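Residue numbers (the numbering used here): 15 to 733.
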């Protein structure tokens with residue numbers, strides 16, 4: 015019954031869309047084809063909101079005026095496939111706690127996945143914590159809230175029926191939820207909170223509060239508003255609630271495709287999701303992301319995006335089309351006439367559905383993003399999706415719990431090394447032919463070029479969101495030991511700290527490692543970049559590569575109070591005397607073998623657990639004929655899978671730190687350091703082309719930016 019009704023609504027929507035195309039200045043939504051039923055569920059197993067009766071009454075009144083009937087219940091027995099099939103949408107009205115049993119959960123999931131609608135209001139996010147699929151359904155789980163107070167909301171979508179009636183900003187009083195994760199990467203954000211307008215926001219300035227998203231064949235809508243009784247008498251809130259119910263029920267059509275990933279590594283948005291504008295409108299295009307573009311652009315028009323801050327933005331990339339005159343996109347900060355950060359030309363593409371990508375670098379700015387458009391007479395171009403690439407706003411803001419393995423062993427004849435070091439691995443002849451399947455953006459550099467390559471490295475580490483490098487160290491008096499002080503100086507200039515990777519140098523023993531720890535502490539212990547973990551007694555950190563080569567590590571007992579020494583294994587029978595565990599392996603993270611067991615063991619025994627994630631692994635140029643398996647990057651999917659495994663407590667065992675293999679181990683193809691998009695031809699180098707949808711120069715930093723995204727999610731989950 016539900017699916018046949020949705021097909022009829024789709025026909026109505028198509029007719030309405032045709033009418034809208036004839037009159038683009040008046041966007042419209044398809045009306046319901048016939049009356050329908052909505053189930054309102056308000057069972058609570060935790061805090062009970064006194065606004066629930068007002069909410070039920072408001073939804074009943076909205077239904078009476080808009081051709082749907084409302085059944086209100088707190089009986090979870092209503093959640094059977096047969097009963098749910100009679101409703102077009104189910105509203106969770108400030109439910110709390112565990113309100114459904116397993117069979118009822120399965121019924122709700124099957125109902126929505128099969129084409130039904132879900133609406134969550136306020137404390138619906140404070141529900142069903144033991145049911146992982148519910149987090150996907152509602153969008154995010156509740157974390158905390160400050161006192162009830164006035165705050166300013168930003169409208170991010172002026173087209174969706176829930177928010178089309180709202181101005182660019184809306185000031186109101188409510189209880190403002192913080193969420194355990196930022197849902198922006200998985201949902202379509204309709205409204206966000208301006209955290210500068212109230213006290214107690216804890217989502218790093220990107221704070222979605224109302225959103226929607228497809229759920230397989232069904233639809234989900236959630237709003238964090240609605241704590242107070244007064245909310246349900248507010249006409250603007252009632253219209254928001256009505257639009258959400260109508261969308262979820264399939265009574266109106268709406269674009270609820272994802273609005274892009276949050277985080278310091280980059281911001282992206284549908285261009286038509288502006289929060290203020292002059293002259294422009296959304297234009298439907300089937301070939302565009304989300305089915306629409308920012309269109310009707312003439313000379314002097316502009317669009318503002320209040321939720322996108324230009325601080326730290328280093329580049330702007332947009333997908334555009336033009337069957338018109340073409341022109342220029344000006345990227346400005348603060349207002350449409352604010353400081354010009356950069357501009358990029360848009361040339362005609364031959365059609366409004368023929369898209370291409372344009373990009374430009376940006377100078378430093380501050381304040382909300384504005385795009386201003388210039389050109390000749392008539393329609394200029396359309397803008398589809400765009401992205402800001404950004405560095406962290408401050409140089410000392412990196413996470414001390416994300417550690418990048420860093421290799422200082424490269425050399426050139428012209429540099430301090432005086433000869434080629436490591437680049438020629440596998441019998442290659444630098445500079446055009448390297449023992450690596452990727453070619454560095456900096457070319458084959460010298461690790462002793464502190465003011466050049468190393469300083470650039472620390473800028474990139476900063477951009478990744480990580481706060482610590484794990485320095486590959488090959489013993490006292492080694493080449494890497496000689497460079498350590500200068501590298502630490504560069505790290506300190508950028509707010510980066512340095513931990514140590516004790517490599518299997520000749521003659522390494524447990525006793526020599528203890529001596530190495532005393533040596534490094536004595537030589538660098540007072541250096542501002544010397545990493546100490548404040549959460550673990552200000553101890554410093556030493557990762558021991560291939561620790562299983564040595565059987566007896568009892569000598570480490572002498573340093574357990576001053577140093578965290580990590581074994582490389584998941585075999586918990588091999589970690590006696592160590593202070594932590596890591597994995598390093600750039601392939602294993604794709605399946606996380608033994609991670610849960612190792613993480614649980616570490617937590618139970620007071621050890622640090624630092625599983626290692628990697629974007630990929632391929633070393634056939636560095637080690638010709640090597641039979642070691644490889645792991646393709648899959649345009650970023652491999653890296654995401656490993657990070658997801660690490661951060662899922664059921665798989666990754668709740669890590670203390672996350673270590674990344676690697677920042678710049680080029681021989682193994684595991685680097686997140688930018689790789690050249692135009693490497694020397696004729697050598698078969700791979701590139702980062704296509705990573706996370708980026709191309710050309712924008713792809714070179716894709717893995718730095720994605721690391722920043724995952725670092726942000728890690729920090730949010732740790733709270």
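Positions of the beta carbon are idealized from the N, C-alpha and C atoms, including for glycine.
Since this is a predicted model, take the numbers as computed values, not measurements.
Taking C-beta atoms as the reference points, residue 386 and residue 284 fail to come closer than 8 Å. The beta carbon of residue 223 is closer than 8 Å to those of 167, 190, 191, 205, 206, 207, 237, 238 and 239 in its chain, skipping five residues each way along the sequence. If you check the CB distance, residue 299 and residue 389 do not come in under 8 Å. Nearest to residue 705 by C-alpha distance, out of 489, 76, 716 and 337, is 716. Contact between the region 712-727 and the region 611-619 is not established, with fewer than three Cβ pairs separated by less than 8 Å. Taken through DSSP and simplified to helix, strand or coil, residue 721 comes out as helix. When beta bridges are read from the DSSP output, residue 413 appears opposite 480. Going by DSSP, residue 251 is part of the alpha helix (DSSP H) stretching over 249-263.
Pairwise C-beta distances place the region 533-541 out of contact with the region 560-568, as fewer than three of them are shorter than 8 Å. Approximately 14 Å separates the beta-carbon atoms of residue 108 and residue 71; this is outside 8 Å, ruling out the contact. Assignment of beta-bridge partners to residue 516 by DSSP yields 487 and 558. Here residue 640 is exposed: its Cβ has fewer than 16 other Cβ atoms, across all protein chains shown, within 10 Å.
For the beta strand (DSSP E) assignment, the uninterrupted runs of no fewer than 3 residues enclosed by the region 344-407 are, from N- to C-terminal side, 354-360, 365-375, 382-389 and 396-404. Per DSSP, reduced to three states, the secondary structure at residue 568 is helical. Unbroken beta strand (DSSP E) runs of no fewer than 3 residues, entirely contained in the region 199-251, are found at 202-208, 221-229 and 232-237, following chain order.
Take residue 451, set aside five residues on each side of it, and the residues of its chain with a beta-carbon closer than 6 Å to its own are 632, 635, 683 and 700, in chain order.
Take residue 347, set aside five residues on each side of it, and the residues of its chain with a beta-carbon closer than 8 Å to its own are 324, 353, 355, 379, 380, 381, 382, 383 and 384, in chain order. Non-local C-beta neighbours of residue 361 in its own chain, meaning closer than 6 Å and more than five positions away in sequence, comprise 340, ordered along the chain. Along the length of the region 93-128, whole beta strand (DSSP E) runs at least 3 residues long occupy 103-107, reported in chain order. About 7 Å separates the beta carbon of residue 199 from that of residue 272, a gap short enough to meet the 8 Å contact definition.
Taking 8 Å as the cut-off, the beta carbon of residue 453 is found closer than this to the beta carbon of residue 694.
Between residue 625 and residue 650 a beta carbon distance of about 19 Å is seen, past the 8 Å cut, so the two are scored as non-contacting. Between the beta-carbon of residue 150 and that of residue 297 there is about 31 Å, and that puts the pair past the 8 Å contact cut. For residue 76, the three-state secondary structure derived from DSSP is helix. Boundaries of the alpha helix (DSSP H) around residue 146: 146-152.
Check the Cα spacing between residue 241 and each of 550, 225, 329 and 136: the tightest is with 136. 8 Å or more divides the Cβ of residue 212 from the Cβ of residue 233. The three-state reading of DSSP puts residue 322 in strand, counting E and B together. DSSP places residue 497 inside the alpha helix (DSSP H), whose first and last residues are 493-507. With 16 or more other Cβ atoms inside 10 Å of its own Cβ, residue 69 counts as buried. Where residue 50 is concerned, the enclosing beta strand (DSSP E) starts and stops at 50-55. Residue 296 has 308 as its beta-bridge partners, per DSSP. In this structure, residue 418 places its C-beta atom within 8 Å of the C-beta atom of residue 677. The DSSP-derived three-state label of residue 184 is strand. Residue environment for residue 61: exposed (fewer than 16 other C-beta atoms within 10 angstroms of its C-beta). The shortest CA-to-CA distance from residue 724 to any of 196, 493, 607 and 596 is the one to 196.
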